[in-house]
Structures are given as C-alpha cells and as structure tokens.
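Numbering (our numbering), first residue to last: -18 to 447. Every residue gets a Cβ at the ideal spot worked out from N, C-alpha and C, and that includes glycine. These numbers were taken from a predicted model, which means no experiment stands behind them. One structure is given below, encoded as structure tokens.
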C-alpha cells in the first residue's frame, strides 16, 4: 500500500511487526518500470548545467519560508540524482537512504515536522549526520503522463511545530514551474533569453568572459566537484567526479548494514530478474518463484494465487452519486459511510481464487480456506498462521499480499426494497503468496525474512503484473 502513490505518507503509524525503528528503506513505486522510463529523458538535459534557471526559484522559496536548504532531484533506478542543491553538498546519493525516495510515493507532499522523531527517518544518515535534517517537505515533479520523476524539497536543521500550507502550495507551484522549464527545449530558452538582452552588449560581455574562462582553464584544469564546498580542478581535464561526490558513505553504517540484511542486494535482484524474465509466462514464472522461495527460506510448501472478492455493502442513497453504476473506491469520498450488509443472503458475498504456482505439494483451494485468504488479503502486511494442534499437513507460515487491483464499488442491479438505501458490491482483487511449514517449532518468520519474501514477489509483480 505504501508504494501505490495514492495517499499522503507524511503521517504513517509504525507497523507492529517492525521492531528496529528509526530507519526504513522506501519501496519502489508500483509503476516503477513506467516511472523510470519517464525519468530517463530528463537525466542529461542541458538545462541542469544552467543554474540560472533554478536559482531564482530556490532563492525565493528559501527566503519566503526561512529554510536552510533546497534540492531538485531525479530518482532513477537505485540512485537519487541531485540536479540542483543548496546546503546538501551531494550530487548523487543511494535511493535507499534518501528522504526523497519516500516523497516520490507520497501524494501532494511528504512533510516531516521533525525527521528525528519519525519512525522511518529518525536514524537516517542525513538526519543523524550532515546536513542534520529536521524539517523536510518534498513535492513531486510530474511528467506529462502524470508519473513522478523527481522531487523538489526543502529542509532545515530546526524542527517545526506546525505545518505551513502556504509552503506546500508554493513548492507545488514551483514544481510545475520547473517542469515547464524542463519541457521547453534549451535552445528555445536561450533564444528567449537573448531576445530580452541587448544583443551588442550581451555578445561583447560573453566574448570577454569566454576568453577569460578559457585562459583560466588552461592554467587550472577543469572543475570537477560541482557541488562540493571546495571546488577542485583536474589538470588533465577529464572531468571525472571525485569519490566524495561519487560514493556515499553512511555515517550510520551499523544501521545501514542491518537494513541491507533485510533486503535482497542488487546482485541477487538482477539474477532473479533475469531468471524470471526468461520464462515469459506468468504460471511458469510463478512455479519457478515458488521453487526459489522454498529453497531460500527452507519452506515445505509455497503457493502463489490470485484472489477476487465481491462483498455486499449498503449506503444511504444521498451519498451515492445518481446515475453512476461503478466508482473507484479510493476516489469515493463517502467510503467511510459504507456499511457491511450482515443480513445478506447466503452466497451474496463471492470469493474466487486461482492458484498460479506451487512447490512442495499440489494444491486446490477449498471454501474453508477463503476466510483465511481474505484476512491475509485485507491486512497491510499479511498474517502469520499457526495451528497449535498440528492437525493439518502444514501448520505454520505466513500468507501475505503483494499486489492489489484498484477496488471498485458496483451498484447492485436489482432494486432495493428501501429507496433510501443503495446496495453496492465492493469488488477487490489481487495476489497472495503463502510460505508454509509442516512444523510449528521454527516460530514466525522474522521481519527480515518477510522483507526478502516481499522483494522476491515484487520482481514477479514488476515483470508480469504491473
């Protein structure tokens, strides 16, 4: 749910299953492949070398809202590319430690009054070390196809006690202004700028400056540390970035290693991605994934299934739009008014499942299992299953969702006897993975194992589902 980019994530309660609080690696977006493709054309635009395009925006926001730093970044694959910055002093940081990687998933804004007190960021390297972020507010840079490609963010070393809605509005307006500049060909920007200047004076001044810079470059070499506090020149003119810009060393190494241990590393992800991509069939890929998870986590039985449900609800007719038969649940502002129809006739609620892959045993779902599957599917992080009586073949494990379709409210076709009430079906669906054991002695899977299982399933989702 965190990665669907449909909710504001500024305030999110810490799940009880997370024991090590203070540092959370943000997951990839649900539409990461599409989002990454949208980002690529913006990475090497000539606009970024012209700081005069962004300095007025940065200065205005910093002055109006009294913040120490500002960044404009693009997020692509495993890196956050800081394209314009004040007080950050990094041109590139790992996505795993950047606060921007949370902001890219947050609708409207990602606003932390005090990052040192949020369970996701309290022990983040940029919070416990330089630039010692306390206040953080980031808004998304949106492409023409409405995909978030980067973040405009401000930060300060002093925490705040209340939100500034005017700052959010100004950042959102500035983000649109930045995207307008980036979507304008740079040659057009230069022509417009030249038209506004005095041609004779501009050409003379430019010529003198260019000649001066040329002579200085011959003496010193090429500046290579663009955003470092001290500019360093390389005599060979290679322009290669120095290690202080190219490699980020966490000031909180122990926590960073702990975080890495809970996720698949890049090599593992690439190997698994190649393996899954070669199959080219959802069912065969699911079988292969089940086999991989069983081997990796010493499980006796693994299954992957699709689940769909239609549950009957009621709502006062004044809250349901007239003339509408279907509506996206997440966009329905009166969703909290829905009441589960407890007196619905038997069979009114419908649940169907489709097993896509198994390993360790053959499996056909039965109706008695549906309640457990729905409980797991409706939860945020899945459910741990334990049968203390050990009366079944598989007596412990975890069942967790790894993808959900957008749920819909569909108006019941038959007329309701009460004209003041509308009956609707809440139609939902998605995918579950179950990792089961015959014994109960091993106890519950650790948060680290759960995270790695989800990493496996995220790769399957990216290739074959969304």
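Asked: Chain-order list of residues whose beta-carbon lies under 7 Å from that of residue 69 (same chain, five-residue window excluded); Found: 50, 52, 63, 112
Asked: DSSP state of residue 136 mapped onto helix, strand, coil; Found: strand
Asked: Buried/exposed call for residue 279, threshold 16 Cβ in 10 Å; Found: exposed
Asked: Three-state secondary structure assigned by DSSP to residue 231; Found: Reliability fails at residue 231, whose pLDDT of 43 lies under 50, so the model's placement of it is uncertain and no value is given.
Asked: Test item: CB-CB of residue 413 and residue 286 under 7 Å; Found: yes
Asked: Among 46, 437, 322, the one whose alpha carbon lies nearest that of residue 139; Found: 46
Asked: Same chain, Cβ closer than 6 Å to residue 84, five either side skipped, listed in chain order; Found: 91, 119, 132
Asked: Identified DSSP bridge partners for residue 411; Found: 288, 385
Asked: Under the three-state DSSP convention, the category residue 423 falls into; Found: coil
Asked: Neighbourhood of residue 296 by C-beta distance below 6 Å, restricted to the same chain and skipping five residues each side; Found: 318, 319, 403
Asked: Alpha helix (DSSP H) runs contained entirely in the segment 143 to 176, provided each spans 4 or more residues; Found: 146 to 163
Asked: The segment 370 to 379 contacting the segment 424 to 435, beta-carbon criterion three pairs below 8 Å; Found: yes
Asked: Residue 297 (DSSP reduced to helix, strand or coil); Found: strand
Asked: Where residue 430 falls: helix, strand or coil (DSSP); Found: helix
Asked: Segments assigned alpha helix (DSSP H), at least 4 residues, entirely inside the segment 62 to 121; Found: 81 to 84, 106 to 109
Asked: Simplified DSSP assignment, three categories, for residue 16; Found: helix
Asked: Backbone CA spacing between residue 161 and residue 71 [nearest angstrom]; Found: 25 Å
Asked: Three or more C-beta pairs below 8 Å linking the segment 6 to 15 and the segment 135 to 154; Found: no
Asked: Nearest residue (CA-CA) to residue 256, options 145, 269, 281; Found: 269
Asked: Integer Cβ distance of residue 364 from residue 357, believed to fall under 8 Å; Found: 5 Å
Asked: Outcome for residue 299 when other beta-carbon atoms lying within 10 angstroms are tallied against a minimum of 16; Found: exposed
Asked: Own chain partners of residue 337 with C-beta closer than 7 Å, once the 5 adjacent residues on each side are dropped; Found: 263, 264, 267, 285, 286, 287
Asked: Outcome for residue 391 when other beta-carbon atoms lying within 10 angstroms are tallied against a minimum of 16; Found: exposed
Asked: Whole-angstrom C-beta distance between residue 109 and residue 81, which should lie under 8 Å; Found: About 17 Å; that fails the 8 Å criterion.
Asked: Residue 335 versus residue 344 - alpha carbon distance; Found: 10 Å
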